[in-house]
Structures are given as structure tokens and as C-alpha cells.
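Undergrad: Shown below is the structure under consideration.
In this note's numbering, the protein residues as written are 7 to 163.
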């Protein structure tokens, strides 16, 4: 069993930056652009950084895969990191097909997948990790097309 560092103050800009660095080659190969927006003065969150990076990586890969059939100029992943008075968030928006209403209620169920080679565990694991951190994972369809997944985490005391 692998060990992770455990809960510690974590900078969301660094977490997102590490994930994007790891995925840079794959995103470039598939002709996807990433646009990032980081709020000034981002507070730390109390998180297991390795687990949090796994959550962000899964969501970025899912978003990237959702755009594979989109024309190349529309393959833009919009990633925003911000906060309010009690929580920080990471919002990942794609220009894919969005989430069909008939499957929306099943997205976070174990073994549910829309991918031919998927296991149906990624979103379930992401949600479980975030809930273990006192956070949550939500999604919505964008009015402009595509899906938006948002990670919410409490700000570190």
C-alpha cells in the first residue's frame, strides 16, 4: 500500500500547475489548449496534496477526452482557481458534448461509465477523496456547450 503525505497546507495553484505539467505532452499531442485563471491571494487548503493532484488529473483528463470530437479550435479547457470567504474552488470547463440529462444522476456511481474502455471509478473516487477532505465535487452543463466540474475545499484555518 502506497503512503501519501497526509493532510497539510496546500497551494491550489501549485497543485494545478503540477498536474498540467504532467499532462502537457498529452494535451499538446491531442491539440488541446488550456487557459488558466488564478485568483490573487489564493489561501491554502488543508489537503493531502497527492490525492488532490489525482482528483485534478482525473477531471482534466475527463475534460480533455470529452473534447476529442470537437473541432481543434474548440478544444479549449478553461481552468479557474478561486475562493470566497469559506472555501476554495477549482473549476474545470470543457467544450465537449456535455452530460446528457438521462445519465447525470449516475455519474458518481461506482462502475458507471460512458467510455468504451472505462472502469467507472474515476468520478466516484474523486468525490470520495473530496468528501474525506470536507469538500465536494459538483457538475453542471455549460450553456455554451460542454461540462463544468467544480471542486470545493474548505480554506485552511
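Glycine is no exception: its CB is placed at the ideal position from the N, C-alpha and C atoms.
A quick note: this is a predicted structure, and the numbers were derived from the prediction, not measured.
Using the Cα positions of residue 78 and residue 36, report the straight-line distance between them to the nearest angstrom.
TA: 9 angstroms
Undergrad: Figure out for me which residue from 32, 38, 45 has the closest Cα to the Cα of residue 20.
TA: 45
Undergrad: So, with DSSP's three-state summary, where would you put residue 88?
TA: Note: residue 88 maps to strand in three-state DSSP.
Undergrad: Between 17, 158, 60, which lies nearest to residue 47 when the distance is taken from Cα to Cα?
TA: Residue 17 is the option with its Cα nearest to residue 47.
Undergrad: How would you label residue 123, buried or exposed, when you count the other beta carbons within 10 angstroms and need 16 or more for buried?
TA: exposed
Undergrad: Could you compute how far the alpha carbon of residue 90 sits from the alpha carbon of residue 106?
TA: 30 angstroms
Undergrad: Taking 7 angstroms as the cut-off, does the CB of residue 47 come closer than this to any heavy atom belonging to the ligand MN?
TA: Ligands are entirely absent from the displayed structure, and the ligand MN is therefore not among its contents.
Undergrad: First and last residue of the beta strand (DSSP E) that includes residue 114?
TA: Per DSSP, residue 114 belongs to no beta strand (DSSP E) and is neither H nor E.
Undergrad: According to DSSP, what are the bridge partners of residue 161?
TA: 51
Undergrad: Which partner residues of residue 1 appear in the DSSP bridge assignment?
TA: The requested residue 1 is not part of the displayed model; the chain covers only 7 to 163.
Undergrad: Under 8 angstroms between the Cβ atoms of residue 162 and residue 51?
TA: yes
Undergrad: Am I right that residue 40 and residue 83 are in contact with their C-beta atoms under 8 angstroms? What's the rounded C-beta distance?
TA: 5 angstroms
Undergrad: Quick one: what's got a C-beta closer than 6 angstroms to residue 160's C-beta in the same chain, skipping five residues either side?
TA: 93, 140
Undergrad: Measure the alpha-carbon distance for residue 148 versus residue 15 and round it to whole angstroms.
TA: 32 angstroms
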